[in-house]
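Undergrad: Note that the UniProt record's numbering has the sequence shown beginning at 1, numbered continuously upward. Here a beta-carbon is modelled for each residue, glycine too, at the ideal position from N, C-alpha and C. Note that the structure is a prediction, hence the values are computed from the model and not measured.
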Amino acid sequence: MKRTHFDDDHEAYRETVREFLAREIEPNYERWEEERLVDRSAWIAAGKSGIVGLGVPEEFGGSGVTDYRFRHIVQEEIARTGTTSFGAGLALQDDIAIPYILHLGTEDQKARWLPALATGERIGAIAMTEPGAGSDLQGVKTTAVREGDEWVINGQKTFITNGIHSDLVIVVCRTDPNAGSKGFSLIVVERDTPGFGRGRKLHKVGLAAQDTAELVFEDARVPARNLLGTEGRGFVHLMEYPIGRAYVDARIQTIYGGTTEIMKEIIGRDIAAGYA
């Protein structure tokens with residue numbers, strides 16, 4: 001069935017994405033898989049080609065694209081080429097980190113963080129999962145205690161996408177131990193923060209080059225102005241912006257489409273053999 005939800009502008013952009021992947025990603029992908037990390041230069045190249053930061057407004061250095069079909073095309077083409085270790089990190093940046101800052105950030109935060117995220121010069125991450133707690137956010141033990149004009153963060157995170165390369169990490173912290181689900185907040189920790197470090201680069205079965213790491217916070221002192229959104233509404237904020245789900249659908253559709261073509265070929269051969 002012919003798809004009709006893409007117009008000429010979308011298809012022209014698809015060619016741009018294909019050329020970018022063929023030039024910058026596919027020739028290096030096998031090496032990155034062996035090294036178990038996509039090179040940081042891939043992000044800079046993506047920024048120069050207009051592949052990252054599509055949703056960032058022009059005033060903050062982005063393309064100002066509000067039509068999500070362009071992001072859909074990026075994920076379709078990444079799935080088509082099988083360069084999904086690169087695609088996973090890119091999706092985290094464009095579909096989670098940037099939208100959170102765009103929708104929850106103050107004007108000061110947007111001005112400080114979005115321009116470099118839009119060009120790929122800085123890489124974003126979100127840190128929720130913890131050792132022993134898995135994806136159960138009620139089990140988060142990382143704490144952030146307010147001391148004057150700073151938050152002091154202590155704890156560990158694991159399985160964090162973009163963890164090694166990340167320059168900005170949106171950290172889910174427990175800011176009030178007595179408030180239950182209303183005691184969590186989102187705080188942005190920057191790369192050069194004293195007390196913030198990387199643990200192991202994690203090796204996985206599949207997506208070998210995808211940047212996945214442990215993060216450690218030991219009395220990490222973060223400016224109070226790095227609170228993202230409203231204090232105590234961390235859980236609410238996490239549920240408000242589920243756009244990251246859409247990129248999964250784009251990948252599945254493309255992968256399924258490839259499987260369908262293979263099955264057509266196999267079935268066609270069987271039918272032809274039956275008439276031979």
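1. Going by DSSP, name the residue or residues bridged to H157.
2. Is G199 helix, strand or coil when you go by DSSP?
3. Classify V169 as buried or exposed, calling it buried when 16 or more other Cβ atoms lie within 10 Å of its own Cβ.
4. Which of helix, strand or coil does DSSP assign to P223?
5. Anyone know if the C-beta pair for E214 and T161 falls short of 7 Å?
6. So within the stretch 102-144, which uninterrupted beta strand (DSSP E) runs reach at least 3 residues, ignoring any that extend past its ends?
7. Am I right that residue 277 and F86 are in contact with their C-beta atoms under 8 Å? What's the rounded C-beta distance?
8. In angstroms with no decimal places, state the Cα-to-Cα distance between E33 and P115.
9. Measure how close the beta-carbons of L14 and I73 come, nearest whole angstrom, since I'm counting them as under 8 Å.
10. Label T129 either buried or exposed according to how many other C-beta atoms from any shown protein chain fall within 10 Å of its C-beta, with 16 as the threshold for buried.
11. On the DSSP bridge list, what partners appear for F184?
12. In the DSSP assignment, find the alpha helix (DSSP H) that holds residue 337 and state where it starts and stops.
13. Check this for me: beta carbons of residue 290 and A224, under 7 Å apart or not?
14. Enumerate in chain order the residues of its own chain whose CB-to-CB distance from F235 is below 8 Å, with the five nearest sequence positions on each side excluded.
15. E76 by DSSP, collapsed to three states: which one?
16. Could you say which of K141, A97, L238 and D95 lies nearest to G132 if we only look at CA atoms?
17. Could you check if H5 is buried or exposed, using at least 16 other CB atoms within 10 Å of its CB as the buried criterion?
18. What's the gap between the Cα of V17 and the Cα of L228?
19. Nearest to V145 by alpha carbon, out of G163, C173, I164 and G50?
20. Enumerate in chain order the residues of its own chain whose CB-to-CB distance from T143 is below 8 Å, with the five nearest sequence positions on each side excluded.
21. Please report the residue range of the alpha helix (DSSP H) in which S85 lies.
22. Mind checking which residues open and close the alpha helix (DSSP H) that includes F60?
23. Rounding to the nearest angstrom, what Cα-Cα distance links D39 and H237 in this structure?
24. Measure the alpha-carbon distance for I243 versus V65 and round it to whole angstroms.
25. What three-state label does DSSP hand L21 in the structure shown?
26. Taking the beta carbon of E231 as the centre, do at least 16 other beta carbons fall within 10 Å, making it buried, or is it exposed?
27. Rounded to the nearest angstrom, how far is the Cβ of G55 from that of T119, given a contact under 8 Å?
28. Between which two residues does the alpha helix (DSSP H) holding residue 277 run?
TA: By the coordinates alone:
1. For clarity, residue 157 is Lys in the given sequence; the question names His instead. DSSP lists L215 as partners of K157.
2. strand
3. buried
4. strand
5. no
6. 124-127
7. Residue 277 lies beyond the stretch modelled for the chain, which goes from 1 to 276, so this question has no answer here.
8. 29 Å
9. Note on residue identity: the sequence assigns Arg, not Leu, to residue 14. The Cβ separation is near 5 Å, so the contact holds.
10. buried
11. R174
12. The structure shown has nothing for residue 337, since the chain only spans 1 to 276.
13. One cannot answer for residue 290 here, as it falls past the ends of the chain, which runs 1 to 276.
14. L137, S181, K182 and F184
15. helix
16. K141
17. exposed
18. 32 Å
19. C173
20. I153, N154, G155, C173, R174, T175 and P177
21. T84 to L92
22. Premise fails: F60 is in no alpha helix (DSSP H) and is neither H nor E.
23. 31 Å
24. Only weak support is given to the placement of I243: the predicted model assigns it a pLDDT of 49, under 50, and the value that follows is read from those uncertain coordinates. Roughly 15 Å between the two C-alpha positions.
25. helix
26. buried
27. Wrong, their Cβ atoms sit about 14 Å apart, outside the cutoff.
28. In the structure displayed, the chain extends from 1 to 276; residue 277 sits before or after that span and is not available.
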